[in-house]
Structure formats: C-alpha cells, structure tokens
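Engineer: According to my numbering, the sequence shown holds residues 148 to 481 in order. We treat Cβ as the ideally placed atom computed from N, Cα and C, and that holds for glycine.
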Amino acid sequence: MIDFRSDTVTKPTKAMRDIMYNAPVGDDVYGDDESVNQLEASACKRFNFESAIFCSSGTQANLLALMAHCERGDEYICGQNAHNYKFEGGGAAVLGSIQPQPIENDADGSIPFNKITAAIKPDDCHFAKTRLLSLENTIGGKVLPLEYLAQARDFVNTHNLALHLDGARAFNAAIELNVDITEITKHFDSVSICLSKGLGAPVGSLLLGSKALINKARRWRKVLGGGMRQAGMLAAAGQFALEQNVERLKDDHANARYLAQKLSELNGFTVDMSNTTNMVYATYASSKNIKEIAETLKQQGILFSPSKQLRLVTHLDITREDIDIFLNALSAHI
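Take a look at the structure:
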C-alpha cells in the first residue's frame, strides 16, 4: 500500500527487524532490560537531560509529563490545536484530574504570550493552579522558530511555570532548521520524542527530564499499566531509529514539497504552501465526492484520509515514484 494517512504507518526495515530479533532483554519493571537501559542512557546524552523513560506511545509520554508536572486540580496551558489537548482522549483531565487551558494557536503554530499571560490564574482558592505551559514542535507540520522557544523559556521563568515540549516530530523541526536537536530541547523542562513516526520504529516514545520528574513519571507509568517487561526488542528498534533514520527526514520534507507543488496544479485543490516539513494540507472543492475517490484509490492500493481539508503525510515508506502514482490516480478521478 501507498499510505499517506500518517507517518505512524511506517514499517520496520529488515535491518531494524534483525536488530530487534537479537536484542538483549530483561524485565524492565525491575530495571533489568539491557536494551531499554541503553536506549534511556543514550537518549539522556543525546538530548542533554538527566533522565529518560521509554514509553509505549507519545500519548503516554505526554500524559506522564503532565501528571509529573501537575497535581490534581492543577492546570496546564497549551494550544487549541495541541495534540495533548485535542487528540489524546482527554487523558490529562480523565486520568490526571488536570485542567487544560487551551488557547487558539496563531497561523504559524505559536501561542501569543499576551494570551498566555491573560490565561494564567491568580493565586486564589477559586481557581486551578496554573503549573505548566506545553508547546508542540512541529505542530501541524509547522516549525516553531528558535527565537520563540527562547522567549517561551524566559516567559515561564518570569511566571514561575514549567515548560513541556510535545516533540513527537521535533527531529523534523531540527532537520528543517538545520540545527542539532538540542538547540530545540534545551529550552524545556521535559520533552517527549516519538520513535514510531518519521523515525520508523514500530512502537515507542521517550520522555526526558530531571531525575525527580522522571522518577515521578515512572511511578505514574506503572499506575497507568505502562510498565513493560521484556521491552528490549522495541527499545532496540528505537535505538536503531535514532541512530539511522534522522538525517533521512530531509527526504520526507523534499517529497512533501514536491507533493504540495504537484497537487496544487490539479483542479479542485488549494494547497497550503507554508508547511515545510512532512505534511501537506490541501482544501478540496469539487463536484466529485472525495470519500468516493478515496475508496476508489484504496482499491488501487493507495490510502489517504478523505475530507474537505486533506492532510497528506510523507515518510520513509513513501517515494517520489509513489507520489507520482498517487497524483496520476487522483487526477483520473477528480
């Protein structure tokens, strides 16, 4: 299948599968899994954090961060389009008793600091305690500027807040900015990094922070049923992804730009050309039903999520040839 639905659909390569097959394993809940320990230790060095924990998903990593930073009845501020507010099942509220305070994102994905200031609650028993600002990078495929991240650090210092990064695609941001990932992560108290999107691992995310924060997150991971036993095979895949699949994200970005340009030339599609990473957003307006087109292309081995606002995602299993096949099939039915 040629699958544009998300970069979560990537499949492990033979080289990655070989690494997984031969990975040393142990009981990670006891701290005995050598491959998990290696991944967490190397991630600390790579991202320059004191401690790290291997999680089953990005959703879990973000939830652990929120629950480690905040207590019951506390509040975190995020963007209206933030994944940990909009697309993670309300976990912070349901499982953490943490109140989200979403603020509308600007067009570039940032959250205006004046609006954040207005949303911070007074120290008064009538209000939840505002504890944390959570940012996402990339967000909707857009990269937050380094200057904005530095300003966010100064802002939280001024207002006595912690700062979390949902960095599910932070490597995409770093590649696009042509900087080391630490130029992004250095501004944050905690960072989640997804290994199973563009980096191509089958499962898993990392949460990084201080020793105290990660110790608290580790306890919450156990409470949430996230304590994995012989997880080394998954951790080894994540290690391979970090070592082998970062630089090649450039290919995904180039393919996304190619897809955006070619799609904009088709009748009925208006493409947002402002995205610079691996996501293409397009508005579809035509008499042909996009859901029927999607079903037809599915029969031809091509998958995308149909709606008036399309999101098409490039990844390591999408080639330039695949894009041409998709565009030719699409043009035949619009």
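Verify whether the separation of the beta carbon atoms of Gly356 and Phe196 is less than 8 angstroms.
Structural biologist: Closer than 8 angstroms, so yes.
Engineer: Grouping DSSP H, G and I as helix and E and B as strand, with all else coil, what is Val326?
Structural biologist: The answer is coil: DSSP assigns Val326 none of H, G, I, E or B.
Engineer: Quick check on the DSSP output: the alpha helix (DSSP H) that includes Cys191 runs from which residue to which?
Structural biologist: It spans 181-194 - the alpha helix (DSSP H) in which Cys191 sits, taken as one unbroken run.
Engineer: Closest to Ile437 by C-alpha separation, out of Ala429, Cys341, Pro453, Leu308, would be which residue?
Structural biologist: The shortest Cα separation from Ile437 among Ala429, Cys341, Pro453, Leu308 belongs to Pro453.
Engineer: Which residue or residues does DSSP assign as beta-bridge partners of Tyr223?
Structural biologist: Looking at the DSSP assignment, Tyr223 forms a beta bridge with Pro247, Leu279.
Engineer: Taking 8 angstroms as the cut-off, decide whether the C-beta atoms of Glu323 and Thr157 are in contact.
Structural biologist: Their beta carbons are not under 8 angstroms apart, which means Glu323 does not touch Thr157 by this criterion.
Engineer: Cβ atoms of Gly448 and Met214: under 8 angstroms apart, would you say?
Structural biologist: No. Outside cutoff.
Engineer: Going by the CB atoms, is the gap between Arg300 and Leu312 shorter than 8 angstroms?
Structural biologist: The answer is no: Cβ separation not under 8 angstroms.
Engineer: Is it true that the CB of Ile361 sits closer than 8 angstroms to the CB of Ala479?
Structural biologist: No, these two residues do not count as a Cβ contact at 8 angstroms.
Engineer: For Thr417, name the three-state secondary structure that DSSP assigns.
Structural biologist: DSSP places Thr417 in strand when its eight states are reduced to three.
Engineer: Which residue's Cα is closest to the Cα of Ala320: Leu291, Asn261, Ala266, Met163?
Structural biologist: When only C-alpha atoms are compared, the closest one is Leu291.
Engineer: Under DSSP, the alpha helix (DSSP H) around Leu93 begins and ends at which residues?
Structural biologist: Absent from the model: residue 93. The displayed extent of the chain is 148 to 481, so no value can be given.
Engineer: In chain order, what residues of the same chain have a beta carbon less than 8 angstroms from the beta carbon of Gln386, not counting five sequence neighbours either side?
Structural biologist: Contacts found: Ile166, Ser182, Gln185, Leu186, Ser189.
Engineer: Can you look up His334 in the DSSP assignment and give me helix, strand or coil?
Structural biologist: Looking at His334 - three-state DSSP - the assignment turns out to be coil, as it is neither helix nor strand.
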